[in-house]
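Protein sequences appear in the order of chains C and P.
Numbering of the first sequence is given in our numbering, commencing with residue 488 and proceeding in unit increments.
Numbering of the second sequence is given in our numbering, commencing with residue 857 and proceeding in unit increments.
One structure is given here, and the rest of the page talks about it.
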Amino acid sequence: MRRWLLALPAMLMVGLFVVVPYLNIVVMSFRAPSPSAIYGPGFTLDNYARILSDPLYLGLLKDTLLYALGTTSLCFAIGFPVAYHLARTESRWRGLLYAGVLSPLLTGVVIRCFGWIVLLANNGVINQLLGLAGLGPYRLMYNPVGVTIALVHVFLPFMILPIMNAIQSVDPRLSEAARTMGASSARTFVRVVLPLSLPGVQSGVILVFVLSASAYIIPMLLGGGQVSTTPTVVVQQLMGSLLWPFGATLALVLSFTALIVVALFGAATRRAMRGVA
Amino acid sequence: MKRFPAWLIAFNALMYAFLLLPIAIVIPMSLNAGEYLAFPPQGFSIRWYVSFLNSEQFTSALLRSLWLAVAVAMLASAIASPAAIFYVRCLRAGREKFRLTMLAPMLLPEVLTSIALLFFFNQLFFGKSTIVPLMIGHVIITIPFVFLTVTSALYNMPPGVEEAARTMGAGPWAVFRRVTFPLIKSGIVTGAMLAFIMSFDNVNISLLLKPLGSSTLPIQLFDYLRYDFDPTAAAVSTISLTITLIVVLLIDRFYGLRAVRF
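Structure (structure tokens):
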């Protein structure tokens, strides 16, 4: 039986257009730059040395990680209550609420950014409404505030959905048992629901962190040139100037740093989850 | 029994507003008669839709995005569905490795994937004048979605129906055509529609891989928004939202939105 032929087209696609290009990008990061071609002859470590010694790129990396950390924390603080309600509600509006959580995922990122521009601009909806109350106008976009708001909005579903799935798989009778035995509702939450939902929290945090560290459309549109993160600089380098080896190195250093953060987070939460998952 | 404290309900209501408001706001903006994106709208008008229709750049980008998304949806489901069948029905050893390989394009950052593809194509195959690299990029990132929906359709099949057909004398092909395929068709269709949405809305891949001189609708809108804020952008967004909404409603009818999982 040659049943593996079923998987052949997909394996070929992923192998040829994911694995090979990713290996290629690693090779590219070791190439020497050239003023006339895409890259010069020979291999070098200069690209890495330049990034790791230049305060400009290190600062950029730090900013990117701070945006990602801030977005992740806000998504968790906002997402957990929504996920908890959505997992436990028996309301007949449940389907509609679920669609509401999914809606940012199913809308293009440019449209979502445009929506935020309409809301946050100096003469935008929010400032107009504040103006009626005699406040403002406040500068809400083309700065880190606007970028963070949009990042949280775009990636919130990736936090809510895994947490919701985790809470759904926690037997509600466990909380009831804790309540019967005299635990307050707050204590039940902290000692029963929260620890048991940690696997969902873990995947939500990792997803949101990685996605927001590599976002570039949102900082470009809501930062309006005032906000630079590593991905925006990479894309500008690749589109404007043809500094491919350097762009490749910058992208890889960012991904690698994000990977280290995720691994540390994974190790830290694994201890907390011992005996849960 | 009161299940949720009032503050939780109130907090969540605010958060749903936060989720929906930026998406919903573009619709009234597109029907605004005023010259700028003013609020409250200054009267009702469809002039910005007329302005959209008169813009050759926007209309051709819309058509390009539509046929591209259809092609990507068909290719991704044709490639990923057999792989999902192989994974659920045939594969014994190395299952987790195979699953991760199929899901890799979804787990890897899209920016990195698009940069990798940009280098790869420019070095080896194509110049910047064909849409093939863009299409391949879209197919790559949509394969995981079809794989997931078809896999879950296969797991949700009533157990034993395939064996029953086989015991009653049907050959492997007849079993597939008469039993398996009809039962997983909704999974394939849902996956294809998700692929359509992902391709239709994609910016990360398209921005770097788009052919010179022709762009997709999201890219055209992206370029437009960097210099201009007039309500034509709102009209374009509303049209794009409507197309996505129709597809979402179709998914909901076929399979239920619960199929959209991550």
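Note that CB positions come from ideal geometry on N, CA and C, so glycine has one too.
Query, Result
"Taking Cβ positions, are L1077(P) and V722(C) nearer each other than 9 Å?", "no"
"For the segment 576-601 of chain C, list every residue whose C-beta sits within 9 Å of some C-beta in chain P, in sequence order.", "T576, E577, G582, L584, Y585, A586, G587, V588, L589, S590, P591, L592, L593, T594, G595, V596, V597, I598, R599, C600, F601"
"Please tell me whether I565(C) has its Cβ less than 9 Å away from any Cβ of chain P.", "yes"
"Among I704(C), E663(C), R678(C), S699(C), which has the Cα closest to the Cα of R859(P)?", "E663(C)"
"I want to verify the contact list: residues of chain P whose CB lies under 8 Å from the CB of Y554(C), in sequence order.", "Ordered by position in chain P, no residue passes the 8 Å Cβ test against Y554(C), which lies about 14 Å from the chain."
"Can you check DSSP and say which residues form a bridge with F900(P)?", "N888(P)"
"Identify the continuous alpha helix (DSSP H) that holds G710(C) and give its terminal residues.", "704-710"
"Assuming M991(P) and L924(P) make a contact with CB atoms under 8 Å, what is their CB distance in whole Å?", "6 Å"
"Would you mind sorting T1098(P) into buried or exposed? The rule is 16 or more other CB atoms within 10 Å of its CB.", "exposed"
"Going along chain C in order, which residues have a C-beta closer than 7 Å to the C-beta of V1104(P)?", "L593"
"Could you list the residues in the segment 965-982 of chain P with a C-beta less than 8 Å from some C-beta on chain A, going in chain order?", "Any reference to chain A falls outside this structure, whose protein chains are C and P."
"Would you say Y905(P) and I1095(P) are within 9 Å of each other, going by their C-beta atoms?", "yes"
"Under 6 Å Cβ to Cβ from S907(P), same chain only, skipping five residues before and after it: list those, please.", "T1088"
"Buried or exposed: F942(P), going by 16 or more other Cβ atoms within 10 Å of its Cβ?", "buried"
"Can you list, in chain order, the residues of its chain with a C-beta nearer than 7 Å to that of T756(C)? Leave out the 5 residues immediately preceding and following it.", "L685, Q689"
"Can you list, in chain order, the residues of the segment 694-707 of chain C whose Cβ is nearer than 7 Å to any Cβ on chain P?", "V697, S701, Y703, I704"
"With DSSP collapsed to three states, give me the class of R579(C).", "coil"
"Okay, do the segment 556-569 of chain C and the segment 632-650 of chain C touch, 3+ Cβ pairs below 8 Å being the bar?", "yes"
"Among all the DSSP beta bridges, which residues are the ones paired with R518(C)?", "F530(C)"
"Using three-state DSSP, classify N652(C) as helix, strand or coil.", "helix"
"Looking at chain C, is there any beta carbon in it that lies within less than 9 Å of the beta carbon of F908(P)?", "no"
"Which residues, taken in chain order from the segment 510-529 of chain C, show a beta carbon closer than 7 Å to some beta carbon of chain P?", "N511, I512, M515"
"In chain C, which residues lie less than 9 Å from P938(P) when you measure between Cβ atoms?", "L492, L493, A494, L495, P496, A497"
"Output yes if chain C places a C-beta closer than 9 Å to the C-beta of T1100(P); else output no.", "yes"
"Is the CB of A754(C) under 9 Å away from at least one CB in chain P?", "no"
"Near Q898(P), which residues of its chain fall below 6 Å by C-beta distance, leaving aside the five closest residues on each side in sequence?", "A889, G890"
"Restricting to Cα atoms, I'd like to know which of L870(P), T1023(P), F1056(P), G1016(P) is closest to L1039(P).", "G1016(P)"
"Determine the contact status of I879(P) and R537(C), defining contact as a CB-CB distance below 9 Å.", "no"
"Run down chain C in chain order and give the residues with a C-beta less than 7 Å from the C-beta of M885(P).", "V605"
"Mind pulling the chain P residues with CB within less than 8 Å of G734(C)?", "I971"
"In chain P, which residues lie with their C-beta within 8 Å of the C-beta of P508(C)?", "T969, A972, L973, F975, F976"
"Anything in chain P within Cβ reach of M760(C), meaning under 7 Å, just list it in chain order.", "Simply none; closest approach about 19 Å."
"Hey, L931(P) and P591(C) are a contact pair by Cβ (cut 8 Å); roughly how many whole angstroms apart?", "Not a contact, Cβ separation roughly 26 Å."
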